[in-house]
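Heads up, the thing below is written out as C-alpha cells.
Protein chains: 2
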Amino acid sequence: MAQAGEGRRNGRVTIREVAEDAGVSVAAVSKVLRDAYGVSDALRAKVRASMDKLGYRPLASARGMRGQTYTLGLVLPDLRNPFFADIMTGVNNALERTQYQVMMGISSSTAKLETGVVDSMIDRQMDGIILIGSTETRESLNTIAAKKPLVTIGHHDPSAEAFDTVNNNDQQGALLVVRHLVAAGYRDIAMLSLQGEPSSILSEREMGYRRGMIEAGLGGAINIAHSPQIMRDVQFATRRLLQGPKRPDAIFCWTDFIALEVISVATELGLRVPQDVGIVGYDNTMYCDFAQNSLTSIDQSGELLGLQATRLVIERINGRTEVEHFVVPPRLVARRSTSRKEG
Amino acid sequence: MAQAGEGRRNGRVTIREVAEDAGVSVAAVSKVLRDAYGVSDALRAKVRASMDKLGYRPLASARGMRGQTYTLGLVLPDLRNPFFADIMTGVNNALERTQYQVMMGISSSTAKLETGVVDSMIDRQMDGIILIGSTETRESLNTIAAKKPLVTIGHHDPSAEAFDTVNNNDQQGALLVVRHLVAAGYRDIAMLSLQGEPSSILSEREMGYRRGMIEAGLGGAINIAHSPQIMRDVQFATRRLLQGPKRPDAIFCWTDFIALEVISVATELGLRVPQDVGIVGYDNTMYCDFAQNSLTSIDQSGELLGLQATRLVIERINGRTEVEHFVVPPRLVARRSTSRKEG
DNA sequence: TGAAAAACGTAGAACGATACACGTAGAACA
DNA sequence: TGTTCTACGTGTATCGTTCTACGTTTTTCA
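Sequences listed follow chains A and B, in order.
So for the first sequence, my numbering puts the first residue at 1; every next one is plus one.
So for the second sequence, my numbering puts the first residue at 344; every next one is plus one.
Here you go:
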C-alpha cells in the first residue's frame with residue numbers, strides 16, 4: 001500500500017480538475033470522453049485542450065463502476081505455441097484505432113484454470129472476452145456469455161446462440177493432411193492427437209482424419225494415439241508409435257511443436273524423415289520454415305482469426321445480439337517432411 | 344452496452360447482500376475479505392459461509408476505487424519467444440496461494456508501445472507491474488515506479504533506487520559462451536546481437552563477449568553484427584556474416600530463436616554445424632533439446648526469475664521501500680551445435 | 001472490584017466517472 | 001407574441017468497495 005510518490009491518489013488528474021480547468025461541468029467532460037451526444041465543437045476542443053494540458057487519463061476502475069472499462073480479455077491456452085502470437089497480431093491490428101486495450105491471461109488448457117481466469121476477467125469488468133481453445137462445456141460458455149460479450153477461437157459449436165465463434169475448418173484441415181499424405185505415397189498414417197479434456201476441435205480433426213482415411217480406402221489403418229502437450233509424454237507416445245508392432249509411415253501431429261518433437265525422436269531412433277516416416281504439423285508456425293525442420297503444416301491464418309474475433313466482440317459490446325459464426329478455410333503448406341517422392 | 348442477461352448489474356452479488364445474508368455489517372464482510380484485524384473466528388466463518396452460498400466475488404473496479412485490485416501487470420516483449428513461458432511459470436507459482444491475479448500485455452520491444460501498455464495498466468489500477476526486457480530510459484522507469492510498485496526483469500541498473508531488478512548475469516553469460524567456444528577450438532567467433540532501441544542487457548552481453556575475446560587473445564577477431572528479431576532481417580544478417588570475406592567459424596546468437604534460424608541458413612548454404620560453424624543461443628528454451636537443433640545455449644532460469652520478480656513486487660505492494668537487486672548466475676548447456684571435437 | 005487495555009463491530013464518508021433528469025437558450029412556426 | 005421543438009449544458013444520485021473514527025463488549029491485571 002505504501003507508495004513511492006505522495007498521497008494515495010498519486011498525483012492523478014481527475015475529471016473534476018479537467019472540468020475546472022476547462023471551465024465546464026464534469027458531465028460535459030464525461031461526454032467528450034465518451035463521444036456522447038450533446039457537445040458542441042467549441043466545448044469539445046476546449047475540453048480536449050485541458051485534458052492534454054493536464055495529462056488527464058480516465059481511471060478504468062471508476063469507469064467500470066458505471067460504464068465500460070474499454071478493456072478486452074484474451075485467454076490463451078499457453079505461451080509456448082507461437083501460433084497465438086499470430087492471433088495476437090490480428091487482435092492488435094483490429095484494436096489499432098479504437099479506445100480498447102487488451103489484457104491476456106493463461107488457461108493452461110485446463111477447464112478449471114480457464115474458469116478462474118475468465119472469472120477474474122469478469123471481476124475486473126472487462127467489456128468483452130475472447131477465449132482461445134476453450135475446454136469448457138457449452139453450459140459454462142453460455143454462463144459466461146450471459147455476463148459478458150464472448151467470442152471463442154478454436155471451439156466448434158455451430159448451434160451456439162449466446163456467443164460467436166471464429167474457427168478454421170479443422171475437419172477439412174485434417175482431410176487435407178490425409179489426402180496430401182496419400183498422394184505422397186504414405187499409407188499407414190497415424191494421428192498423434194491431444195490428450196486431456198475433450199474439446200470440439202479435437203473431435204473435428206479426428207473426424208476429418210477418419211473421413212480421409214476411409215475415403216482413401218485405408219479405414220483399416222486408422223490409428224489415433226493421444227498425448228498431452230508435455231515434452232516427456234509426447235516423447236513417450238512417439239516412441240510407442242514408432243517402436244510398436246506396426247510402425248506407421250506417416251504421423252499427423254496435433255501441433256507444430258509436437259511435430260518437431262516427433263521429428264526429433266524419429267531422428268534419434270535412426271529413422272529418416274521423410275523417407276521412413278512423413279510428418280505433418282498444424283498451425284504453420286514460423287518454425288516450420290527452418291531448414292532443419294522443413295515441416296509440412298496446415299495454415300489456419302491466425303492473424304485473420306484474431307482480427308475477426310476482435311471485430312465480433314466489439315460488435316457485441318456495441319449491441320449486436322444475433323450470433324455470428326466465422327470459418328476460415330485451412331491451407332496446406334507442403335515442405336520436405338512429407339516429400340517422399342523426391343526423397 | 345447491451346447485454347444478454349438482465350439488468351445492468353448482471354445479477355452480481357454485492358458485498359451488501361452478503362452482509363445482509365450473514366447478518367453483519369458491510370464493513371465486517373470487507374474485513375473478512377481483506378483478512379484485516381478485528382474479526383472473530385465465528386464471524387469470519389459466518390461470512391465465508393454466506394459468500395460461498397451466494398457465490399459472491401468482489402468487484403475489482405470497486406475495490407480499486409479505495410484499495411487494491413489484487414492484480415499484477417506483466418509486460419512481455421513478444422509472444423514468440425517460449426522463454427517467457429518459463430518466467431510465467433515462476434510468476435504463477437509465486438501467486439499460487441495469494442489473492443493476486445496476473446494480466447499480461449505485449450510491448451513488442453518498442454518503448455512507445457511499452458509506455459502505452461504500462462500506462463493502461465496503471466489506468467486499470469494494477470497493484471504492481473513486472474516489466475520484462477524493458478527498452479525504457481531510467482527516467483521513464485522512475486516515473487512508473489513513482490506511481491506503482493515496479494520490478495524489471497532483464498534490465499540492468501544496479502544503481503536504480505525506485506524499483507527492483509531481477510536479472511541473469513548477462514555479461515557472465517556471454518563470457519561463458521566465448522570460453523566454451525574457444526575451448527571447443529573455435530577462433531573467429533562472431534556475435535549476432537540485437538538491433539533496435541538500446542538496452543542494458545544488450546551492452547552487458549556485448550561487453551561480456553568483448554571481454555571473453557580479449558581474454559582469449561582474440562581481440563582482433565571481435566565481430567558484432569546486429570539484426571532486429573524479424574525473420575527476413577535475421578536471414579539477411581546471417582547470410583552477410585557467412586558469405587562475407589572472413590567467415591566466422593562460430594556465431595553467438597542473441598536468442599535461441601535467432602540461433603535456430605542461423606542454423607537453418609547455414610544448412611541451406613551447405614555449411615555443416617558444428618564442423619564448419621558452431622552456433623550458440625541464449626535462454627535454453629525447449630527447442631534446444633530437439634535432435635535436429637541440439638543447440639548449445641545459456642540457461643538463465645526463467646522460472647526463478649519470474650518467481651523472484653513476483654515475490655519482490657508483492658513485497659513492495661506491502662510496503663517495502665529499500666531497493667533490491669536480484670541476480671542469478673547463468674549456466675551453459677553444451678549440445679551438439681558446438682561439439683566440434685567429436686564432430 | 002475497578003480501571004485500563006484489548007478485541008471486536010458499526011456507521012458512513014470517501015473514491016472517480018457515468019448517465020439520468022432537468023434547465024435554458026434560441027430557432028421555427030403560426 | 002406566444003408556443004413548441006431542438007440542441008446543448010449542468011447538477012447530482014449512483015456504482016461496490018474500503019477504511020477511519022468511534023462505540024461497545026470482553027479480558028487482563030493489580
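Where a beta carbon is used, it is the ideal one built from N, C-alpha and C, also for glycine.
Asked, Found
"Are the C-beta of residue 264 (chain A) and some C-beta of chain B separated by less than 8 Å?", "yes"
"So with Cβ pairs under 8 Å, would you call residue 514 (chain B) a contact of chain A?", "no"
"Going by Cα to Cα distance, which pick from B:381, B:396, B:379 and B:421 is closest to residue 365 (chain B)?", "B:396"
"Three or more C-beta pairs closer than 8 Å, one from the region 512–519 of chain B and one from the region 565–579 of chain B: is that the case here?", "no"
"Would you grab the beta carbon distance between residue 251 (chain A) and residue 262 (chain A) for me? Rounded to a whole angstrom, and I think it's under 8 Å.", "6 Å"
"Using the three-state DSSP reduction, which class does residue 39 (chain A) fall into: helix, strand or coil?", "coil"
"For residue 257 (chain A), is the classification buried or exposed, using 16 other Cβ atoms within 10 angstroms of its Cβ as the cut-off for buried?", "buried"
"With respect to the alpha helix (DSSP H) encompassing residue 92 (chain A), which residues constitute its N-terminal and C-terminal limits?", "83–95"
"Exposed or buried, residue 579 (chain B), counting other C-beta atoms within 10 Å across all chains shown (16 or more means buried)?", "exposed"
"Roughly how many angstroms separate the alpha carbons of residue 17 (chain A) and residue 367 (chain B), rounded to a whole number?", "38 Å"
"Among B:537, B:636, B:555 and B:419, which residue has its Cα nearest to the Cα of residue 477 (chain B)?", "B:419"
"So with Cβ pairs under 8 Å, would you call residue 17 (chain A) a contact of chain B?", "no"
"Smallest Cα separation from residue 643 (chain B): which of B:658, B:635, B:651 and B:627?", "B:627"
"Check distances from the C-beta atoms of the region 420–436 of chain B to those of chain A and list, in chain order, the residues that come in under 8 Å.", "421, 422, 423, 425, 427, 428, 431 and 435"
"Who are the neighbours of residue 268 (chain A) on chain B, taking C-beta pairs under 7 Å?", "634"
"Decide yes or no for the touch test of the region 183–191 of chain A against the region 148–164 of chain A: beta carbon pairs closer than 8 Å, at least 3 of them.", "no"
"By DSSP, does residue 485 (chain B) sit in helix, in strand, or in coil?", "helix"
"For residue 403 (chain A), which residues of its own chain have a beta-carbon under 7 Å away from its beta-carbon, when the five flanking residues on both sides are left out?", "The question about residue 403 (chain A) has no answer here: the residues shown for chain A are numbered 1 through 343."
"In three-state DSSP terms, what is residue 113 (chain A)?", "helix"
"Please state whether DSSP places residue 131 (chain A) in a helix, a strand or coil.", "strand"
"Can you give the Cα-Cα distance for residue 632 (chain B) and residue 238 (chain A), rounded to whole angstroms?", "16 Å"
"Could you list which residues in chain A have their beta carbon closer than 8 Å to that of residue 449 (chain B), in chain order?", "88, 92 and 104"
"Can you give me the Cβ contacts of residue 297 (chain A) inside the same chain, cut-off strictly under 7 Å, excluding the 5 residues immediately before and after it?", "256, 280, 281, 282, 283, 284, 288 and 333"
"Counting only C-beta atoms, is residue 403 (chain B) closer than 8 Å to chain A at any point?", "yes"
"Could you please give the first and the last residue of the uninterrupted beta strand (DSSP E) stretch that includes residue 327 (chain A)?", "325–328"
"Between residue 648 (chain B) and chain A, is there a C-beta pair that is closer than 8 Å?", "no"
"Give the single residue among B:504, B:433, B:671 and B:569 whose Cα lies nearest to the Cα of residue 535 (chain B).", "B:569"
"Bridge partners for residue 250 (chain A) per DSSP, in chain order?", "A:189 and A:278"
"Could you please give the first and the last residue of the uninterrupted alpha helix (DSSP H) stretch that includes residue 331 (chain A)?", "First-last for residue 331 (chain A): 331–333, but that is the beta strand (DSSP E), not the alpha helix (DSSP H)."
"At which residues does the beta strand (DSSP E) containing residue 507 (chain B) begin and terminate?", "507–511"
"Which of the residues in the region 109–125 of chain A, read from start to end, lie with their CB under 7 Å from any CB of chain B?", "119, 120, 123, 124 and 125"
"Have a look at residue 1 (chain A) and residue 119 (chain A) and give me their C-alpha separation to the nearest angstrom.", "Bear in mind that a pLDDT of 32 at residue 1 (chain A), under 50, signals an unreliable position, so the model cannot answer this."
"So which residues on chain B does residue 101 (chain A) lean against when the C-beta distance must stay under 7 Å?", "463"
"Counting only the same chain and skipping the five closest in sequence on each side, list residues whose C-beta sits under 6 Å from that of residue 15 (chain A).", "26 and 29"
"Measuring CA to CA, which of A:203, A:41 and A:65 is closest to residue 173 (chain A)?", "A:203"
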